[in-house]
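**Student:** Take a look at the following structure, please.
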Amino acid sequence: MNYKQILGFFAIILLGFLGTAQQSAVYTNDFAAYNKAIDLYNNHQYKAAQKLFKEVQDEAKTISLESDCAYYIANCAVRLNQSNADELMEDFVQNYPTSTKRNSAYINVANYYFENGDYNYARKWYKEVDQSNLSRKELEEFYFNNGYAFFKAGRKDEAKKYFNRVRDSKEYGSQAKYYLGFIAYEGDDYEEANEMFDEVKDNNRYNRNLSYFQADMNFKLGKFEEAIKLGKEQLDKSNALERSELNKIIGESYFNLEQYEQAIPYLKEYRGKRGKWNNTDYYQLGYAYYKQGDYEKAVSEFNKIIDGQNHVAQNAYYHLAESYIELGKKQEALNAFKNASEMNFDKKIQEDAALNYAKLSYEIGNNYKSIPEVLTEFLETYSESREREEIEALLVDSYITSKNYEKALSLLESSNDYKDKQVYQKVAYYRGIELYKEGNYSGALVMFNKSLAERNDQNFTAKATYWKAESDYNLENYHDALIGYKEFKGMTAAKNTPEMEDIDYNIAYTYFKQKDYANAIKFFKAYTDTHQKPLTQVNDAYLRLGDSYFVTSDYWSAMEAYNEAIGMKGIDSDYAYFQKAISYGFVDKNDRKIEDLEAFLNKYNKSIYRDDALYELGNTYVAENNTQKGIQTYNRLLNEAPHSSFASKTLLKQGLIYYNDDQSQEALDKFKRVVKEYPGTEEANQAVKTARVIYVDLGRTDEYAAWVKTLDFVEVSDSDIDNATYEAAENQFIENNTEAAKKGFQKYLNEFSNGLHALSAHFYLGQLHYRDEEKNEALPHYKYVVEQPRNEFTEQALARLSQIYLENKNYQAAIPILERLEQEADFPQNITFAQSNLMKSYYQLKNYANTVKYAEKVLQNSKIENSVKSDAQVFIARSAIQTGDEEKAKKAYQEVRKIATGSLAAEAQYYDAYFKREDGDFTGSNEAAQILARDYSGYKKWGAKGLLLMGKNFYDLGDAYQATYVLDALIENFGDYPEVTQEAQTELNRIKSKEAETNSSVEAEQTNNNN
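Start counting the sequence shown at 712; every next residue gets the next number (this note's numbering).
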């Protein structure tokens, strides 16, 4: 090549170089900026790097540079958590499919999300990675990260697949085995878990956790000694949460090895899940204490187990019951045995608990069912029990001791298995006594007859004979009563009974009621000759002895008997004094009669016999021709007792005295007053007749005729028909032909509505309807009688009318009638009746002040029976409760408890428990409530209220189990008393809500309750 050629060649090269140099300058500038962006990226300055990459990308002349910038722009967006990061990365992959950074983009982004704990996003990008383009090291990281991401997502099977691929990796093998072991641990595959953990146990990074896991796994595999060893090794190295769990593992391992003393300190150190124990936790610690004989602490753990419904709870409740027995808390044990007996997880425990529940119910009573029911249920459920004979024996005795005679009798009569005639005889007898005390004499009679149908026990035969006679007496079956009393008196078994003490008194009274006074005298005298006490009864016997002598005209003997009664200074001494005084009149000793009547009036200022005495005294003065004194005495009666039943008779007597003394005008004034104030009475009829004679004698017949026309009860022209019609009806009445008498009296009233005998016709017709239980038909006739001026029928009509109103619960109508009866009655028993029913009526109308007023009146009467006294005290107490005077109520109920029987006694017993709770004596309150359950099981309302108190008391005593069990049982068994069960439900919800704060087993139940 010549020089020129060479020169030309270099020129060409130079030209090419110059062109290339210009182009390279641009590349150099781009790469400088790109490299600067790479530096920023590597220094984590992603915002600045991203901006510069975008600038380079905009100027890039090659696809390679442009794609690289897009790659880094997307990566920066990921790291800056920009909202379009995923979109940028997907654009990169789509726009530059041939980029060598495509796979790096996937793995890089996935790793970034992984490192920042966003495992769901990591798995999204790992899924796009082409594993075949990864190096071995990258592939191991890829497997491990994928495994861990799936592990964190809870997808253990996918996680295992990836971890197994790197279990032999030098870098990732230990971690993979650890997680494979953990997955096996959580899946209860303890053999594999142990294998994995053993391979990494020398790695300090995992050693602490591995010790915990292995302790737990050995526990779950039943290798309790190994679990204890590993757990103890790890205790001091653990944080608070792990230490709590390790204590549980160690304690429960000792528990399962039956090394309870060693278990207790570790079980106590357990802090529960999220600070809460569950029922099993309480059971294990409680049982450990139980096995150590520390029953107080055992109870304190067992009784925190609420609403348990599994094998653990059944065991817990059974051993809780046994612990209570050891501590002498039998009521609490009863509930726990009952609870265990209602669960069927362990049949042997269930039967044994049922047996103990039955025996304990017999011993202390049962709040939920009668004892016979409990025992019968056991026998029916466990018919093959080895304890059958013992329970049958208890059943026999329980019919009497439970005092639930009505239910017991029902069970006896409906059962084919229990044909013990002697028991039936006793139960029928006791049920009869129960009904007798309630005043149900007809029902009692039926029971005593049933008892006497089985004469196996002579003592009960004698007692039933006596009380049958008493029932007959109260039903006015005096003939049958007398036969019964005499039969009883002749029985050998009756000799030493309390009933024998007063048999002569009872026989005497029966003769007295039959008006067989000769025999009444014989037996009253036999009684008074042999008795000095009880004073009240002996005093009454002398009074009736005196009355018997009196009606048989043996007045000197009557006076001797009355003197004995007066000398005793007992009840009705005023009556005895009065009777003695008038007896002198029958033995022609009017001077002594007058003297004693005057003395009587001075001595007895408030006697109900004052009007009788004044009337008799006036009559005696007149008989002794001292008419002036007689008139004065009659006037005294009219002034002192204007509403007396003797008032009309007194006015008539005065008129007759004036008439016989030829004081015609004074006589007419008196007769007219009788007619005006007491129209329709026999005295009014007599006054009209005598006035007629006077007017005729005076020749003033026109005046008489005019006066008579103003009297609507006098129909002079029809008097013979009037009398005949009435007498026809009266004869049927006397002959006891009830229906004929009713028709006759009604016919009379239809024809002579204001006739001479209208008053007595109305009264007798009322009596007949009342006797036949036609009380609504009786009502208008009694009303007619009481609307008339005071007459011989007024008192009886007032009593009957008030009874009808009371039975119809028409208290507003009853009260004015009862108030009249109280004021106008001559018989003390009617006054007592009026006062006691005014007390009850005012209470029903919520007039508590008047309720107390009349209750206190009743209590002032020394003659009333205990049943009436307890009624009065109860109404004082109830009124005090309603008005918030609990101190007064408390005192009144204390008095009731001394004398009451039946439902009133149950009510008083409940309030004993109530007031003890109010005083903070929760244990005493429960004891009182238990007496209520034992002795008054037939009175369900008070039993339910007593259970409510017990539930509250138990919780205040720190026994949540007893509290919830009692309240649950109350709600389940006493649906007839919604006001009580609603309060119980509210209390139960409160307790469970409180207990759920520390017991995780209660939480779900509480949620359900709230729903």
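Using N, Cα and C, we set each Cβ at its ideal position, and we do this for glycine too. Small disclaimer: the values here were computed from a predicted structure and weren't measured.
Using the beta-carbon count (16 or more within 10 Å), is residue 944 buried or exposed?
**Tutor:** Under this definition residue 944 is an exposed residue.
**Student:** Can you tell me the Cα-Cα spacing of residue 1570 and residue 1543, whole angstroms?
**Tutor:** Going from the Cα of residue 1570 to the Cα of residue 1543 covers about 10 Å.
**Student:** In the structure shown, what three-state DSSP assignment does residue 1710 receive?
**Tutor:** Looking at residue 1710 - three-state DSSP - the assignment turns out to be strand.
**Student:** For residue 1221, is the classification buried or exposed, using 16 other Cβ atoms within 10 angstroms of its Cβ as the cut-off for buried?
**Tutor:** Classification for residue 1221: buried.
**Student:** With DSSP collapsed to three states, give me the class of residue 1161.
**Tutor:** Note: residue 1161 maps to helix in three-state DSSP.
**Student:** Would you tell me roughly how many angstroms separate the C-alpha atoms of residue 1156 and residue 1307, rounded to the nearest one?
**Tutor:** Going by the C-alpha atoms only, they are around 46 Å apart.
**Student:** Using the C-alpha atoms, what's the distance from residue 770 back to residue 729?
**Tutor:** Because the pLDDT at residue 729 is just 40, under 50, the model does not fix this residue reliably, and the point stays unresolved.
**Student:** Is the stretch 839-857 touching the stretch 803-823, taking contact as three or more C-beta pairs under 8 Å?
**Tutor:** Touching, per the Cβ criterion.
**Student:** Can you check which of these residues, 1115, 1655, 1633, 1074, is closest to residue 1678 by C-alpha distance?
**Tutor:** Per the Cα distances, 1655.
**Student:** Tell me the start and end of each unbroken alpha helix (DSSP H) in the stretch 968-1031 that is at least 4 residues and wholly inside, in chain order.
**Tutor:** Listed in chain order, they are 971-980, 990-1002, 1006-1013.
**Student:** Are the CB atoms of residue 1381 and residue 1358 nearer to each other than 9 Å?
**Tutor:** Result no, Cβ atoms of residue 1381 and residue 1358 do not sit closer than 9 Å.
**Student:** Are there 16 or more other CB atoms within 10 angstroms of the CB of residue 1065, so buried, or fewer, so exposed?
**Tutor:** Counting Cβ neighbours within 10 Å, residue 1065 comes out buried, since at least 16 surround it.
**Student:** Looking at C-beta atoms only, is the number of pairs between the stretch 1626-1634 and the stretch 973-989 that lie closer than 8 Å three or more?
**Tutor:** Contact between the stretch 1626-1634 and the stretch 973-989 is absent, because fewer than three Cβ pairs lie under 8 Å.
**Student:** Pick helix, strand or coil for residue 1096, following the three-state DSSP scheme.
**Tutor:** Looking at residue 1096 - three-state DSSP - the assignment turns out to be coil, as it is neither helix nor strand.
**Student:** In terms of alpha-carbon separation, which member of 1259, 1250, 1239, 1212 lies closest to residue 1230?
**Tutor:** Looking at the Cα atoms, 1259 is the closest of the given residues.
**Student:** Beta-carbon separation of residue 1286 and residue 1254 under 9 Å?
**Tutor:** Cβ distance < 9 Å, so residue 1286 and residue 1254 count as in contact.
**Student:** Which residues in the same chain as residue 733 place their Cβ atom closer than 8 Å to its Cβ, once the five residues preceding and following it in sequence are excluded?
**Tutor:** Reliability of the predicted coordinates at residue 733 is poor, the pLDDT of 40 falling under 50, and the value obtained from them is presented with this limitation in mind. Cβ within range, chain order: n/a, list empty.
**Student:** Return the chain-ordered ranges of every alpha helix (DSSP H) run that is complete within the stretch 1205-1272 and spans a minimum of 4 residues.
**Tutor:** Qualifying alpha helix (DSSP H) stretches, in chain order: 1214-1224, 1228-1241, 1246-1262.
**Student:** Determine the direct distance from the alpha carbon of residue 1527 to that of residue 1521, and round the result to whole angstroms.
**Tutor:** Approximately 11 Å between the Cα atoms of the pair.
**Student:** In three-state terms, what does DSSP make of residue 1612?
**Tutor:** Coil at residue 1612, not helix or strand.
**Student:** When you compare only the Cα positions, how much space is there between residue 1525 and residue 1513?
**Tutor:** Going by the C-alpha atoms only, they are around 5 Å apart.
**Student:** For a minimum of 4 consecutive residues, which ranges assigned as the alpha helix (DSSP H) are wholly contained in the stretch 1533-1593?
**Tutor:** Whole alpha helix (DSSP H) segments, 4+ residues: 1539-1555, 1559-1570, 1577-1593.
**Student:** Where does residue 736 land, buried or exposed, given buried means 16+ other C-beta within 10 angstroms?
**Tutor:** Here residue 736 scores only 46 on pLDDT, less than 50, and its place in the model is too uncertain to base an answer on.
**Student:** Run through DSSP, which three-state label would residue 864 get?
**Tutor:** DSSP places residue 864 in coil when its eight states are reduced to three.
**Student:** Around the Cβ of residue 1267, are there at least 16 other Cβ atoms within 10 angstroms (buried) or fewer (exposed)?
**Tutor:** Classification of residue 1267: exposed, given that the 10 Å Cβ count is below 16.
**Student:** Measure the alpha-carbon distance for residue 1644 versus residue 1076 and round it to whole angstroms.
**Tutor:** About 6 Å.
**Student:** Expressed to the nearest angstrom, what Euclidean distance is found between the alpha-carbon atoms of residue 1417 and residue 1433?
**Tutor:** If I take the Cα positions, the gap works out to 21 Å.
**Student:** Just list the alpha helix (DSSP H) runs in the stretch 806-844, keeping only unbroken ones of 4 residues or longer that don't cross its boundaries, in chain order.
**Tutor:** Within the stretch 806-844, the complete alpha helix (DSSP H) runs of at least 4 residues are 813-826, 830-837.
**Student:** Taking three-plus beta-carbon pairs below 8 Å as touching, is the stretch 967-975 in contact with the stretch 947-956?
**Tutor:** No contact exists between the stretch 967-975 and the stretch 947-956.
**Student:** Does the stretch 1601-1611 come close enough to the stretch 1619-1628 to have 3 or more Cβ pairs within less than 8 Å?
**Tutor:** Yes: the two stretches touch, three or more of their Cβ pairs being nearer than 8 Å.
**Student:** According to DSSP, is residue 1274 helix, strand or coil?
**Tutor:** Reduced to three states, the DSSP call for residue 1274 is helix.
**Student:** Tell me the rounded alpha-carbon separation between residue 799 and residue 964.
**Tutor:** Cα-Cα distance, rounded: 58 Å.
**Student:** Residue 1109 by DSSP, collapsed to three states: which one?
**Tutor:** Note: residue 1109 maps to helix in three-state DSSP.
**Student:** Select from 1175, 1184, 1163, 1362 the residue whose C-alpha is nearest the C-alpha of residue 1329.
**Tutor:** Nearest option by C-alpha distance: 1362.
**Student:** By how many angstroms is the C-alpha of residue 958 removed from the C-alpha of residue 1005?
**Tutor:** Approximately 21 Å, taken between the alpha carbons.
**Student:** Smallest Cα separation from residue 1447: which of 1482, 1457, 1422?
**Tutor:** Minimum Cα distance to residue 1447 is reached at 1482.
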